[in-house]
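Chains as they are written, first to last, in the numbering used here: chain Z, 2 to 115; chain P, 12 to 126. Backbone N, C-alpha and C define an ideal beta-carbon position, used for all residues, glycine too. Every value quoted in this text rests on a predicted model; they were computed, and no experiment measured them.
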């Protein structure tokens, strides 16, 4: 069973600070990694994906991947109250044949305080 | 507008009464999937489909059926619902099921309560 682990939180950060969200995964062969944001009662929406070791930046968001440590993180700079949501880490791995599967973590709840 | 739609959005039913949740996408995506989301358990895949007439079990398929007769539609069928199927259900689609999987786009969700 492939596993994706996240701290459930809540992670509380003041407005304007950097929020750091972490995720570990069990399948060393996993190749692609996704961060989704989910507001309460809403559907997940993609924030970023990353395939290669290192950092990938998109606006206030930076995804970091370390395949040797099986670790992926999401940094949110200048956190805003509108960033308050649950952040889901998802890891893609190859299933039988040509199909691939996406396994989600249980999510980290982020609270940005005024 | 590119989107995944689900119906109904909310459903209250009783044990044993067959129901169908519809899912449709207008992006010509090959890959479609159903998930359920429960507190503390995250999103778990029920079934997926790589293309028309090609479906396979996900992690929690028991008690569910699916079909894929048309590319755009992927209904989820509960033949005899039970209270443990009370959950929030999401349909998702992506362009293909390649290993470096493209982004999955999620529908708005269907909240199901089985009494």
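Hey, does residue i have any beta-carbon neighbour from chain Z nearer than 9 Å?
{"i": "residue 96 (chain P)", "result": "no"}
{"i": "residue 117 (chain P)", "result": "yes"}
{"i": "residue 58 (chain P)", "result": "no"}
{"i": "residue 78 (chain P)", "result": "no"}
{"i": "residue 30 (chain P)", "result": "no"}
Consult DSSP for residue i and reduce its assignment to one of helix, strand or coil.
{"i": "residue 78 (chain P)", "result": "coil"}
{"i": "residue 13 (chain Z)", "result": "strand"}
{"i": "residue 80 (chain Z)", "result": "coil"}
{"i": "residue 54 (chain Z)", "result": "coil"}
{"i": "residue 95 (chain P)", "result": "helix"}
{"i": "residue 38 (chain P)", "result": "coil"}
{"i": "residue 57 (chain P)", "result": "strand"}
{"i": "residue 114 (chain P)", "result": "coil"}
{"i": "residue 71 (chain P)", "result": "coil"}
Are the CB atoms of residue i and residue j nearer to each other than 9 Å?
{"i": "residue 26 (chain P)", "j": "residue 126 (chain P)", "result": "yes"}
{"i": "residue 12 (chain Z)", "j": "residue 36 (chain Z)", "result": "no"}
{"i": "residue 103 (chain Z)", "j": "residue 91 (chain Z)", "result": "yes"}
{"i": "residue 122 (chain P)", "j": "residue 99 (chain P)", "result": "yes"}
{"i": "residue 114 (chain Z)", "j": "residue 10 (chain Z)", "result": "no"}
{"i": "residue 72 (chain Z)", "j": "residue 23 (chain Z)", "result": "yes"}
Using a Cβ cut-off of 9 Å (strictly closer), state whether residue i contacts chain P.
{"i": "residue 66 (chain Z)", "result": "no"}
{"i": "residue 105 (chain Z)", "result": "yes"}
{"i": "residue 35 (chain Z)", "result": "yes"}
{"i": "residue 58 (chain Z)", "result": "no"}
{"i": "residue 10 (chain Z)", "result": "no"}
{"i": "residue 89 (chain Z)", "result": "yes"}
TODO: Residues of the region 16-30 of chain Z with a CB closer than 7 Å to any CB of chain P: list them in chain order, please.
DONE: none
TODO: Please name the residues in the region 39-54 of chain Z whose beta-carbon is closer than 8 Å to at least one beta-carbon of chain P, in chain order.
DONE: 42, 43, 44, 45, 46, 47, 50, 52
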